[in-house]
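Written out below as structure tokens is the structure these notes cover.
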DNA sequence: AACATTAATGTACGAAACGTTTACCAACTA
DNA sequence: TAGTTGGTAAACGTTTCGTACATTAATGTT
């Protein structure tokens, strides 16, 4: 018998894990991060808010970073599928504007804090790369690759460097806060970058 | 009587501040950050290594971030003056390669940690912007401005966005570590970005 | 029904670091 | 000499961490 991952049929003995408790922890962690920031979102604070024992959290997550990232994904991970219109600049701009929209308000600040804390937590760093940054790079990579195949983008251009120019600039503003992260910025950014790797001039 | 900042004539009463102690603290902090990383460089650890009382550190610095950034500057701040050859791409590339050279080895990792910790320390964030990022932006801004005046770069292009493309990409790789930060990357990066804002094609 | 197994709780604990206080001595100016 | 500032040593209360212990809860197996 093949069972789906969310089946209510638990094949193991013993008391099953409480889904209610799991969700309470994730919601509490997300709430706290948005309200007080990542720094004040301690394990104890999460346990109190969730009405859950601290030990329970430690049983399922190795530390603060792991709970935080799960909570962030739980709330902000919406697997949007972007259309392929054939216009490289339009498609990339759509993706970038969507990301910037996600980063509006506290959600952006919390992402900056997660990236910040990742400098001291190798596990969090890897999870962020694999489950947050990588999927978005994959979407954009597909668009750029199609552009190369259609001859719109220089075939010699390194896709990863193009992505670093675009996403690097965004996360740079997110973390240094020296200038705002808005639609005008994103539009000119994408236009500049793609102009630099196109085969033909406008 | 006008007195220079490093004058031995202290016009104030009381015991003068010990330069030896000040330097011992900065050296110890820099050593510890390079050896153990920022996370393990606690105030107590610095005090022990420097052979100094913990209270003395708290007297002159408000916290860990402040000592760390002073120590980092003390060791890595070399105010290099870059030449103006008239070739925009060459000049920018020179500056960028110099920065990347600075970030080789542990110095780069420590900068990543400082930027990371800055997400939780508003004061450190501001000091980094004003005393580390801004001076480098100023150097590059001058080059780009000259390029605009000479008609090599589109006059409508936003200098700050160009800078974000270049430096954003660099700090993005520094902090996410998904790809190496080397000379080849820097060379193509600078070429791509400037190609996107030049007036004439190659 | 009895048992094994796993989940969750409450309490308590030791270890670190934090940032501060207190009392004292050291070095300099007026 | 008096006044002022720098530095030290020791201790303190607090917070957070991560873990340990004993106990109760909920499920499968026999």
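Residue numbers (the numbering used here), protein chains in the order written: chain U, 2 to 203; chain A, 2 to 203.
Heads up, the beta-carbon is just placed ideally off N, CA and C, and yes, glycines get one too.
Nearest in C-alpha terms to residue 72 of chain A, of all of A:30, A:58, A:100, is A:30. The C-alpha of residue 76 of chain A is placed about 27 Å away from the C-alpha of residue 113 of chain U.
If you draw a straight line from the Cα of residue 150 of chain A to the Cα of residue 43 of chain U, it comes to about 53 Å.
Closest option to residue 38 of chain U, judged by alpha-carbon separation, among U:141, U:69, U:128: U:69.
Taking 8 Å as the threshold, the shortest C-beta distance from residue 193 of chain A to chain U falls below it. Residue-level contact by beta carbon fails for residue 99 of chain A and chain U, as no gap is shorter than 8 Å. For residue 163 of chain U and residue 190 of chain A, the gap between their C-alpha atoms comes out near 8 Å.
Residue burial annotation: residue 59 of chain A is exposed, with fewer than 16 other C-beta atoms found within 10 angstroms of its C-beta.
Near chain U, meaning a CB-to-CB distance below 9 Å, the residues of the segment 30-41 of chain A are 38, 39, 40.
In this structure, the alpha-carbon of residue 124 of chain A lies about 8 Å from that of residue 67 of chain A.
Distance from residue 104 of chain A to residue 168 of chain U at the Cβ level is roughly 19 Å; contact not present, criterion being Cβ atoms closer than 8 Å.
Any Cβ of chain U closer than 8 Å to the Cβ of residue 174 of chain A would place that residue at the interface, and such an atom is present. The way I'd put it, the segment 139-158 of chain A does touch the segment 77-93 of chain A; three or more beta-carbon pairs between them come closer than 8 Å. Taking every protein chain shown into account, the CB of residue 106 of chain A has fewer than 16 other CB atoms within 10 angstroms, so this residue is exposed. Rounded to the nearest angstrom, the Cβ distance from residue 116 of chain A to residue 78 of chain A is 16 Å, too far for a contact under 8 Å. Among the residues of chain A, those whose CB is under 8 Å from the CB of residue 196 of chain U are 196, 197, 198, following chain order.
Residue nearest to residue 100 of chain A within the set A:183, A:200, A:198 is A:183 (criterion: CA-CA distance).
Counting only Cβ-Cβ distances below 7 Å, residue 186 of chain A has contacts in chain U at 162, in chain order. Among the bridge pairs identified by DSSP, residue 154 of chain U is matched with U:199. At least one CB of chain A lies nearer than 8 Å to the CB of residue 130 of chain U. Rounded to the nearest angstrom, the Cβ distance from residue 193 of chain A to residue 198 of chain U is 6 Å, consistent with a contact under 8 Å. Going by DSSP, residue 52 of chain U is part of no alpha helix (DSSP H) at all; its letter is neither H nor E. Within its own chain, the residues whose Cβ lies closer than 6 Å to the Cβ of residue 138 of chain A, once the five positions on either side in sequence are excluded, are 164, listed in chain order. In the structure shown, residue 32 of chain U adopts helical secondary structure according to DSSP, grouped into three states. Counted as a single uninterrupted DSSP element, the alpha helix (DSSP H) harbouring residue 71 of chain U occupies residues 65-77. Residue range 160-177 is occupied by the alpha helix (DSSP H) that includes residue 174 of chain U. In this structure residue 97 of chain A does not touch residue 154 of chain A by the C-beta definition: roughly 16 Å separates them, more than the 8 Å allowed.
For a Cβ distance threshold of 7 Å, residue set 161 of chain U lies close to residue 180 of chain A, ordered along the chain. In the three-state reduction of the DSSP assignment, residue 105 of chain U falls in the coil class, being assigned neither a helical nor a strand state. For residue 91 of chain A, no Cβ of chain U is located within less than 8 Å of the residue's own Cβ. Fewer than three Cβ pairs drawn from the segment 127-138 of chain A and the segment 127-134 of chain U lie within less than 8 Å of each other, which leaves the two stretches out of contact. Interface flag for residue 165 of chain U against chain A is set, since a Cβ pair is found closer than 8 Å. Residue contact with chain U for residue 177 of chain A: present (Cβ-Cβ distance below 8 Å to some residue of chain U).
Our two residues, residue 120 of chain U and residue 63 of chain U, have alpha carbons roughly 17 Å apart in a direct line.
For the segment 111-122 of chain U, the set of residues with a beta-carbon nearer than 8 Å to any beta-carbon of chain A comprises 113, 114, 116, 117, 118, 119, 120, 121, in chain order. Residues of chain A whose Cβ lies closer than 7 Å to the Cβ of residue 168 of chain U are, in chain order, 173.
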